[in-house]
Amino acid sequence: MARVGYGAAQLPRLHDRRGEAVALLRRAVELGVNHVDTAEFYGFGFANAVIREALRPEDGVLVVTKVGADPNPGGRLPLRAAQRPEQLRASVEDNLRSLGVDQLPVVNLRRLDSGPGLRPEGYQVVDLDDQLAVMTSLRDEGKIGAIGLSSVTIDGLRRALPAGIVCVQNAYSLVSRDDEDMLRLCAAEGIAWVPFFPLGGAFPGLPKVTEESAVHAVAESLGVTPSQVGLAWLLHHAPHVLLIPGTADPAHLEANMAVGELTFDDATRGTLDAVESRSNEVTLG
1 MARVGYGAAQ LPRLHDRRGE AVALLRRAVE LGVNHVDTAE FYGFGFANAV
51 IREALRPEDG VLVVTKVGAD PNPGGRLPLR AAQRPEQLRA SVEDNLRSLG
101 VDQLPVVNLR RLDSGPGLRP EGYQVVDLDD QLAVMTSLRD EGKIGAIGLS
151 SVTIDGLRRA LPAGIVCVQN AYSLVSRDDE DMLRLCAAEG IAWVPFFPLG
201 GAFPGLPKVT EESAVHAVAE SLGVTPSQVG LAWLLHHAPH VLLIPGTADP
251 AHLEANMAVG ELTFDDATRG TLDAVESRSN EVTLG
């Protein structure tokens, strides 16, 4: 598995330029991307439709999708919680249909327990065991190949381990390292750590990697951008980290893929490791 993949969350920026969106994904494959992260609620199905059109079986690209939220067109937020078992099953069916496949290789259960974003309320507060039961049933039925978790706590991960978890997606970056213990647990269990918001700053008030003076100093010394430094730090921080940076711009795509070639000496890593970590908690509802 290549350590730098592609996150499709920004593909909908090209909604009115579908040909460019398809070409961007084809370019990603040319650059070595072999895993893509998506969801039915990215652009209300647009991202999945583009992936279906752009990717071919011979590309060997692993498509990872997620359930636990649904599109919410016209709402204050573009998505709403969909945590109930019957909603998880329906979301899997939606992704199968929009991607045009018989099986989803990996499906992340978005728990909404941690990190910035939605929190479940009322009947959307569902026990993890009930969710894992439907996910394992879907796996047994052959509709999904493997189960991941997203926005999960370390206690939730521990509870889920017997179900066979292959990856964890949590908000994590150089400036927001709340989940260091969970990252180590994943390493011990052979679980891929796939940070979303890898540069922080996804919502107002959250810290941003690219605003750190130390990051700018390192970027200048290496002749790269602060964003590239922030992404490369994640790769150097732990060997089980996989990246899924997203973009709608071909030049930015190439810059993201290039971070796999960046190397840091011990002094540079020490400088970056010393950057202060702050909380990444912002709740939206």
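Under full-length UniProt numbering, the final residue of the sequence shown carries the number 285; numbering is consecutive throughout. Where a beta carbon is used, it is the ideal one built from N, C-alpha and C, also for glycine. Note that the coordinates shown come from a computational prediction; the quantities given were computed from them, not determined experimentally.
Just to check my reading of the structure: residue i and residue j have Cβ atoms closer than 8 Å, yes? What is that Cβ distance to the nearest angstrom?
{"i": "residue 44", "j": "residue 71", "result": "5 Å"}
{"i": "residue 126", "j": "residue 167", "result": "That belief does not hold up - the Cβ atoms of residue 126 and residue 167 are roughly 21 Å apart, past 8 Å."}
{"i": "residue 35", "j": "residue 55", "result": "Not a contact, Cβ separation roughly 11 Å."}
{"i": "residue 106", "j": "residue 146", "result": "5 Å"}
{"i": "residue 198", "j": "residue 231", "result": "6 Å"}
{"i": "residue 22", "j": "residue 50", "result": "6 Å"}
{"i": "residue 128", "j": "residue 111", "result": "7 Å"}
{"i": "residue 144", "j": "residue 181", "result": "Contact flag wrong, Cβ pair sits at about 28 Å."}
{"i": "residue 226", "j": "residue 24", "result": "Actually they are not in contact, since the Cβ atoms of residue 226 and residue 24 sit about 23 Å apart, beyond 8 Å."}
Out of the options, which has the shortest C-alpha to C-alpha gap to residue i?
{"i": "residue 203", "options": "57, 122, 118 and 153", "result": "118"}
{"i": "residue 134", "options": "99, 67, 190 and 76", "result": "67"}
{"i": "residue 200", "options": "178, 184 and 192", "result": "178"}
{"i": "residue 26", "options": "248, 74 and 276", "result": "248"}
{"i": "residue 286", "options": "250, 39 and 215", "result": "Any question about residue 286 goes unanswered here, given that the chain covers just 1 to 285."}
{"i": "residue 277", "options": "206, 218 and 257", "result": "206"}
{"i": "residue 121", "options": "152, 88, 130 and 82", "result": "82"}
{"i": "residue 98", "options": "218, 148, 38 and 253", "result": "38"}
{"i": "residue 159", "options": "176, 142 and 185", "result": "185"}
{"i": "residue 116", "options": "271, 100 and 196", "result": "196"}
{"i": "residue 191", "options": "219, 213, 16 and 161", "result": "161"}
{"i": "residue 183", "options": "157, 123 and 164", "result": "157"}
{"i": "residue 295", "options": "41, 104 and 88", "result": "Lying outside 1 to 285, the shown extent of the chain, residue 295 is not represented and no answer is given."}
{"i": "residue 113", "options": "272, 141, 151 and 76", "result": "151"}
Need the endpoints of the alpha helix (DSSP H) that residue i sits in, please.
{"i": "residue 159", "result": "154-160"}
{"i": "residue 169", "result": "Segment 165-169 is the beta strand (DSSP E) holding residue 169; no alpha helix (DSSP H) there."}
{"i": "residue 140", "result": "128-140"}
{"i": "residue 209", "result": "Neither: residue 209 is in no alpha helix (DSSP H) and is coded neither H nor E."}
{"i": "residue 29", "result": "18-30"}
Can you look up residue i in the DSSP assignment and give me helix, strand or coil?
{"i": "residue 236", "result": "helix"}
{"i": "residue 122", "result": "helix"}
{"i": "residue 266", "result": "helix"}
{"i": "residue 285", "result": "Interpretation of residue 285 is limited by its pLDDT of 44, a score under 50 that renders its predicted location unreliable; the figure taken from the coordinates is listed afterwards. If DSSP states are grouped into helix, strand and coil, residue 285 belongs with coil."}
{"i": "residue 243", "result": "strand"}
{"i": "residue 100", "result": "coil"}
{"i": "residue 83", "result": "coil"}
{"i": "residue 225", "result": "coil"}
{"i": "residue 42", "result": "helix"}
{"i": "residue 287", "result": "Residue 287 falls outside the range modelled here, since the chain spans only 1 to 285, and no answer is possible."}
{"i": "residue 175", "result": "coil"}
{"i": "residue 95", "result": "helix"}
{"i": "residue 5", "result": "coil"}
{"i": "residue 14", "result": "helix"}
{"i": "residue 75", "result": "coil"}
{"i": "residue 52", "result": "helix"}
Within the continuous beta strand (DSSP E) that includes residue i, where are the two ends?
{"i": "residue 35", "result": "35-37"}
{"i": "residue 250", "result": "Run containing residue 250: none in the beta strand (DSSP E); it sits in the alpha helix (DSSP H), 250-258."}
{"i": "residue 148", "result": "144-150"}
{"i": "residue 67", "result": "62-67"}
Check whether the region 88-102 and the region 167-177 are in contact - that is, three or more C-beta pairs closer than 8 Å. no
Would you call the region 233-253 and the region 5-17 touching, i.e. three or more CB-CB distances under 8 Å? yes
Three Cβ pairs or more, each shorter than 8 Å: is that satisfied between the region 261-273 and the region 232-239? yes
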